[in-house]
Amino acid sequence: MLTRRRVLALGGMAVAAPLVAAAARPGSGSRSRGAPDVLIIGAGLSGLNAATLLESEGYRCQILEATHRVGGRVCTARESDVPGHPELGGSGIGSSYARMLDTANRLGLTLVPERLRTTAPRNELMYHLCGEGILPNDWPGHRLNPFQDAGDRKVPPEFYQFTKYGLYNPLPKNDLQAWQRPEFASHDVSVFDFLRKLGIPEAAIALVAGTNMSYGTNVHDLSVLMWFAIANWLRADQEFGGNAPRAIEGGNQRLPEAMAARLQSEIVFGQHVTGIRSNADGVEVHTIDHQVRRARFCLCTIPFSALRHLRLEPLPPGEQLNAIENIGYTPVFQVHFVPTRRFWEEDKLPKSMWTDRKLGRLMALHNDPGRPDEVTSYIAFVNGMAAKYLDRLEPQAAADYLLEDLAYIRPSTRGALKVAKVWSWNRNPFAGGAYAYWKPGQISRLARQVAVPGKRLFFAGEHTAVLARGMEGAMESGERAALEILSAM
Ligand SMILES: Cc1cc2nc3c(=O)[nH]c(=O)nc-3n(C[C@H](O)[C@H](O)[C@H](O)COP(=O)(O)OP(=O)(O)OC[C@H]3O[C@@H](n4cnc5c(N)ncnc54)[C@H](O)[C@@H]3O)c2cc1C
0 MLTRRRVLAL GGMAVAAPLV AAAARPGSGS RSRGAPDVLI IGAGLSGLNA ATLLESEGYR
60 CQILEATHRV GGRVCTARES DVPGHPELGG SGIGSSYARM LDTANRLGLT LVPERLRTTA
120 PRNELMYHLC GEGILPNDWP GHRLNPFQDA GDRKVPPEFY QFTKYGLYNP LPKNDLQAWQ
180 RPEFASHDVS VFDFLRKLGI PEAAIALVAG TNMSYGTNVH DLSVLMWFAI ANWLRADQEF
240 GGNAPRAIEG GNQRLPEAMA ARLQSEIVFG QHVTGIRSNA DGVEVHTIDH QVRRARFCLC
300 TIPFSALRHL RLEPLPPGEQ LNAIENIGYT PVFQVHFVPT RRFWEEDKLP KSMWTDRKLG
360 RLMALHNDPG RPDEVTSYIA FVNGMAAKYL DRLEPQAAAD YLLEDLAYIR PSTRGALKVA
420 KVWSWNRNPF AGGAYAYWKP GQISRLARQV AVPGKRLFFA GEHTAVLARG MEGAMESGER
480 AALEILSAM
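Note that numbering that gives the first Met the number 0 has the sequence shown beginning at 0, numbered continuously upward.
Right, dumping it as structure tokens:
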């Protein structure tokens with residue numbers, strides 16, 4: 000909850016009069032009367048959190064959402080589509096997710112353990128690399144293991160790069176803003192350059208950092224400073240409580256739904272915003288059906304991958320525009336399957352796979368807490384260039400491609416998986432990828448510019464977060480933007 004003191008602390012004396020005026024405004028909080036004070040574009044966590052806070056100060060918001068649901072990149076599959084209703088987007092809620100946890104508690108939602116999706120227990124995982132199936136216990140002695148050092152050879156390939164980010168992280172512990180400070184600009188280099196400097200051979204870099212990349216599309220287009228920032232944040236999260244990540248009972252989407260249900264502000268669905276024009280008096284927001292809506296302020300929470308297709312007048316200043324047009328968004332492509340046969344019992348191999356093929360990671364999901372050993376569904380979680388490739392195919396053709404390739408490397412799977420859902424974050428025009436990532440050089444040049452407000456236009460969204468990341472970053476950004484708008488009022 001915002002308090003008057005917090006707003007004053009942020010914005011100085013200028014905010015005092017408008018706050019009084021707002022509190023006295025007749026009809027404030029009504030769902031339909033008059034033009035809103037703030038038009039918010041996007042009903043994801045950042046937009047909903049900003050609306051909650053602005054509303055609590057007596058301001059009227061209207062949220063324009065392109066799709067027909069709230070939550071944006073927090074999206075839980077329907078049980079009727081995929082048994083166990085896995086998360087398609089935001090999954091784990093960490094110990095330091097104060098805003099998420101507080102909001103869930105206030106709305107009476109129950110927290111449960113996260114349902115793992117992209118990692119598998121060691122006894123459930125096997126590798127498939129360079130055309131060969133490898134069991135985890137065989138990895139340290141395997142001929143495809145690229146490392147000389149006995150200690151390095153023992154590290155599972157999917158974790159190897161993180162040991163280096165832990166060891167060489169230049170960012171001061173618990174200083175979560177440090178990653179944006181100029182003094183760390185010399186670390187804003189590619190993952191490849193960083194690992195190569197440590198003497199790691201190119202082929203090894205491709206394996207440990209370029210396979211199933213969580214961010215970016217290849218080891219040359221991701222800044223290692225971003226990994227340092229994430230490592231620093233995860234370290235702080237550990238110190239905060241170190242609990243295993245949690246999730247919302249029934250699916251994370253229940254959180255934005257509950258936030259939306261509590262709002263007084265109107266959420267208008269099916270409003271594909273195509274342009275924002277602002278001047279000294281206010282803002283005009285244009286939608287694809289040629290409607291124009293007006294307000295005193297606009298808060299734009301949509302990812303830059305979507306914003307770069309809007310018409311903005313006036314154009315944002317140079318480096319902000321550069322960021323809007325050029326920061327990266329990680330392609331993520333998912334195919335969800337329902338197993339029709341327990342093929343892992345037939346071939347006696349682990350249920351899940353980490354591969355260097357287009358298939359990416361094939362993960363067995365155990366989403367029924369009452370039957371933890373049961374596989375409720377499978378997911379092929381594909382990132383990076385492979386996701387981009389699959390995006391070019393029709394959804395069914397992409398799923399068939401993966402199934403055929405899987406049957407080639409693991410014959411027991413032939414006919415044992417039924418496609419339940421194909422989902423691309425990249426192809427979704429209102430997401431344009433799963434999450435923002437910084438290319439080499441972009442953090443030092445652009446990170447502090449992304450959220451600089453205009454006179455009437457403000458920015459929020461996970462890509463503008465400074466301290467936290469992911470869902471909590473989205474909430475943080477909504478809070479920061481709400482405070483900025485209150486100051487401007
Ligand atoms: C696969 C995946 C896994 C993830 N895993 C995690 C995780 O484990 N933990 C974690 O913390 N986070 C995770 N995240 C990230 C987290 O889900 C996001 O950071 C967060 O939900 C983003 O919220 P937001 O409000 O910034 O943006 P969004 O949720 O994207 O909200 C923006 C809204 O704007 C709408 N919109 C876009 N364009 C327009 C337009 N032109 N007109 C009108 N409306 C528009 C969109 O439809 C959307 O509803 C994951 C995300 C993905 C995709």
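We put the CB at the ideal spot given by N, CA and C, even for glycine. Here the structure is a predicted model, which is why all the values come from computation and not from measurement.
Is the beta carbon of residue j closer than 7 Å to that of residue i?
i	j	result
Glu312	Arg276	yes
Ala430	Trp422	no
Glu475	Ala464	yes
Ser222	Asp187	yes
Leu298	Ala459	yes
Gly215	Tyr436	yes
Ser304	Gly432	yes
Arg292	Leu38	yes
Leu170	Asn231	yes
Thr75	Gly250	yes
Thr117	Phe380	yes
Val272	Ile40	yes
Ala279	Glu113	no
Glu78	Ser351	no
When you compare only the Cα positions, how much space is there between residue i and residue j?
i	j	result
Gln237	Asn173	11 Å
Pro139	Lys196	24 Å
Ser376	Gly88	16 Å
Gly469	Glu248	19 Å
Ala243	Asp288	45 Å
Glu483	Ala396	47 Å
Leu402	Ala119	20 Å
Gly132	Leu348	10 Å
Val331	Gln147	33 Å
Leu108	Leu100	9 Å
Gln270	His462	22 Å
Ser94	Gln290	43 Å
Asn144	Arg310	50 Å
Val207	Leu445	28 Å
Please indicate yes or no: does the CB of residue i lie closer than 6 Å to some heavy atom of ligand 1?
i	result
Phe183	no
Tyr126	no
Leu53	no
Leu44	yes
Tyr436	no
His271	yes
Thr66	yes
Met470	yes
Phe429	yes
Gly91	yes
Say whether chain D places a C-beta atom closer than 7 Å to the C-beta of residue i.
i	result
Leu456	Annotation note: the requested chain D is absent from the structure, which comprises a single protein chain.
* Mind the definition here: the stretch 368-382 touches the stretch 197-207 only if three or more C-beta pairs lie below 8 Å; say whether that holds. => At 8 Å Cβ cutoff, the stretches do not touch.
* Is the number of C-beta pairs between the stretch 440-460 and the stretch 353-361 that are closer than 8 Å three or more? -> The stretch 440-460 makes no contact with the stretch 353-361: fewer than 3 CB pairs, one atom from each, lie closer than 8 Å.
* Looking at C-beta atoms only, is the number of pairs between the stretch 398-413 and the stretch 51-64 that lie closer than 8 Å three or more? -> Verdict: no, contact absent.
* To do: Count the CB pairs spanning the stretch 278-285 and the stretch 68-78 that are closer than 8 Å, and state whether there are at least three.
  => The stretch 278-285 is not in contact with the stretch 68-78.
* Asked: So does the stretch 158-178 actually touch the stretch 217-232, counting three or more Cβ pairs closer than 8 Å?
  -> Taking a cut-off of 8 Å on C-beta distances, the stretch 158-178 touches the stretch 217-232, as three or more cross pairs fall below it.
* Determine, using beta-carbon pairs with one atom in the stretch 147-155 and one in the stretch 376-393, whether at least three such pairs fall under 8 Å. => Cβ pair count under 8 Å is below three, so no.
* Within the chosen definition, does the stretch 255-266 reach the stretch 45-57 through at least 3 CB pairs nearer than 8 Å? -> Taking 8 Å as the limit for Cβ pairs, the verdict is that the stretch 45-57 does touch the stretch 255-266.
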